[in-house]
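Asker: One structure coming up, written as structure tokens, with questions to follow.
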Amino acid sequence: MNHMITALQATLFITILGLAGCSDGPAENAGERVDEAITDVQNKAEDLCEKAKENLNAENENC
Numbered sequence: 000m001n002h003m004i005t006a007l008q009a010t011l012f013i014t015i016l017g018l019a020g021c022s023d024g025p026a027e028n029a030g031e032r033v034d035e036a037i038t039d040v041q042n043k044a045e046d047l048c049e050k051a052k053e054n055l056n057a058e059n060e061n062c
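Each residue of the sequence shown is one higher than the one before, counting from 0 in numbering that gives the first Met the number 0.
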């Protein structure tokens with residue numbers, strides 16, 4: 000099990016090093032826009048959940 004975790008950590012480290020050399024290009028810009036869109040959707044979903052709980056007079060309004 001520990002060997003698998005170590006191998007996974009090494010793979011992740013090498014991948015991060017490889018990506019660190021990438022310059023800002025169209026693909027990276029598109030990825031950033033996708034990340035921002037996902038964050039916006041998550042925030043809106045949480046707001047809707049909290050509003051629904053508020054309307055239902057739930058004890059805990061956090062989602």
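For every residue, glycine included, the Cβ atom is placed at its ideal position computed from N, Cα and C.
Between Asp46 and Leu11, what straight-line distance do the alpha-carbon atoms span, to the nearest angstrom?
Answerer: Approximately 34 Å, taken between the alpha carbons.
Asker: Report back the beta-carbon spacing between Cys62 and Glu49 to the nearest angstrom; my notes put them in contact at under 8 Å.
Answerer: Right, the Cβ-Cβ distance comes to about 6 Å (below 8 Å), so this counts as a contact.
Asker: Beta-carbon within less than 8 Å of Glu60's beta-carbon, same chain only, minus the 5 sequence neighbours each way: which residues are those?
Answerer: Result list for Glu60: Glu49, Lys52, Glu53, in chain order.
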